[in-house]
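Trainee:
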Amino acid sequence: MSDDPRDGREQRSEATRSALVAAARSLFVERGYAAVSTGDIARVAAVTRNALYYHFPTKEAVFRAVYENVEGELAARVLPAALAHDTGRTQLEAGIEEFLDGCLDPTVARISVLQAPAALGFAQMREIDNRNYLGTLRDGIRRAVETGELPDLPVDSLASMLIGALDEAALLIATADDPAAARRDAGVVAQALVAGLFAR
């Protein structure tokens, strides 16, 4: 066990940061990004505003941390579900199904789908999504092309277009009067698209 006082400070600092992200996440889900102030976040996290600004210079920075958290959790569901399968097609099908199921989570719907475009903008969202999904999707497509499962299509374009289709499906689910029905419909269409891609 270390007696270095920096260890205790670092643990307290990380605990404060985690409390701020958790508080912001619950507030953004409940009220929406625009209706939440940094003072609200600090109050719910039971820290001072100075402590908040030590970790996050702006409300947008707090939202980015929340978005990274939510997207990381979703990726932690999607990627293992996909990689549990052996072929490019079954990996893609399983990953899509898990992603669409994840879109039924109200936190994913409110944070990732409905609030992130306005709070962060496309460039920041794409940077985070690239880390979580796009690289793995590109690798899977590339392997499927190399093994002959897929025709020789431009890998980057196909990966980006699939992500775009899934983002649109997520929006349909998040804004639907009946999200479960929208998710079912999105799944049917997505699987038809996958079947078309892999038809040889």
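Letter by letter, the sequence shown follows residues 54 to 253 in the numbering used here.
The beta carbon of each residue, even a glycine, is placed where N, CA and C say it ideally should be.
For residue 124, count the other beta carbons within 10 Å of its own beta carbon; 16 or more makes it buried, fewer makes it exposed. Which is it?
Mentor: Along the sequence shown, read from residue 1 onward, the residue named residue 124 stands at position 71. Residue 124 comes out buried.
Trainee: Find the nearest neighbour of residue 74 within the set 212, 198 and 104, judged by alpha-carbon distance.
Mentor: Working through the sequence shown from its first residue, we reach residue 74 at position 21. Cα-wise, what sits closest to residue 74 is 104.
Trainee: Less than 6 Å between C-beta atoms, sequence neighbours within five positions excluded: which residues of the same chain meet that for residue 78?
Mentor: As a position in the sequence shown, residue 78 is number 25, starting the count at 1. Answer for residue 78: 119, listed in chain order.
Trainee: Which same chain residues, not among the five before or five after residue 157, have their C-beta less than 6 Å away from its C-beta?
Mentor: Numbered from its first residue, the sequence shown carries residue 157 at position 104. For residue 157, where only same-chain residues beyond five positions count, the Cβ hits under 6 Å are 232 and 236.
Trainee: Could you give the distance in angstroms between the alpha-carbon of residue 213 and the alpha-carbon of residue 69?
Mentor: As a working note, residue 213 is residue 160 in the sequence shown. As a working note, residue 69 is residue 16 in the sequence shown. Distance between the alpha carbons of residue 213 and residue 69: 37 Å.
Trainee: Within its chain, find whatever has a CB closer than 7 Å to the CB of residue 244; leave out the 5 residues flanking it on each side and keep chain order.
Mentor: Counting from 1 along the sequence shown, the entry for residue 244 is found at position 191. Cβ within range, chain order: 146.
Trainee: Pull up the CB-CB distance for residue 191 and residue 209, whole angstroms please, since I reckon it's below 8 Å.
Mentor: Here residue 191 corresponds to residue number 138 of the sequence shown, with the count starting at 1. Here residue 209 corresponds to residue number 156 of the sequence shown, with the count starting at 1. That belief holds up - the Cβ atoms of residue 191 and residue 209 are roughly 7 Å apart, short of 8 Å.
Trainee: Excluding sequence positions up to five away, which residues of its chain have a Cβ less than 7 Å from the Cβ of residue 185?
Mentor: Locating residue 185 in the sequence shown gives position 132, where the first residue counts as 1. Hits under 7 Å: 124, 125 and 128.
Trainee: Between the alpha carbons of residue 239 and residue 62, how many angstroms are there, rounded?
Mentor: As a first step, residue 239 is located in the sequence shown; it is residue number 186 there, counting from the start. As a first step, residue 62 is located in the sequence shown; it is residue number 9 there, counting from the start. When rounded, the distance between both Cα atoms is 48 Å.
Trainee: Is the CB-CB distance between residue 241 and residue 149 below 9 Å?
Mentor: Within the sequence shown, numbered from 1, the residue matching residue 241 stands at position 188. Within the sequence shown, numbered from 1, the residue matching residue 149 stands at position 96. For residue 241 and residue 149, no; Cβs fall outside 9 Å.
Trainee: Using the Cα positions of residue 206 and residue 193, report the straight-line distance between them to the nearest angstrom.
Mentor: As a working mapping, residue 206 is identified with position 153 in the sequence shown. As a working mapping, residue 193 is identified with position 140 in the sequence shown. Spanning the two alpha carbons is a distance of roughly 13 Å.
Trainee: Out of 88, 96, 211 and 132, point me to the one whose CA is closest to residue 113's CA.
Mentor: Numbered from its first residue, the sequence shown carries residue 113 at position 60. Measuring from the Cα of residue 113, the nearest candidate turns out to be 88.
Trainee: By a C-beta neighbour count over all protein chains shown, 10 Å radius and 16 as the cutoff for buried, is residue 165 buried or exposed?
Mentor: To locate residue 165, count along the sequence shown from 1; it is residue 112. Result: buried.
Trainee: Out of 102, 151, 171 and 93, point me to the one whose CA is closest to residue 222's CA.
Mentor: For the purposes of this step, residue 222 is identified with residue 169 of the sequence shown, where counting begins at 1. Nearest option by C-alpha distance: 151.
Trainee: Quick one, are the C-beta atoms of residue 296 and residue 130 less than 9 Å apart?
Mentor: Look at the range of the chain in this structure, 54 to 253, and you will see that residue 296 is not part of it.
Trainee: I'd like to confirm something about residue 225: is its beta-carbon nearer than 8 Å to some heavy atom of the ligand NAD, or not?
Mentor: The model on display carries no ligand, and the ligand NAD is accordingly not part of it.
Trainee: Could you round the C-beta distance between residue 117 and residue 173 to whole angstroms and report it? I think they count as a contact, below 8 Å.
Mentor: As a first step, residue 117 is located in the sequence shown; it is residue number 64 there, counting from the start. As a first step, residue 173 is located in the sequence shown; it is residue number 120 there, counting from the start. With a Cβ gap of about 6 Å, residue 117 and residue 173 count as contacting.
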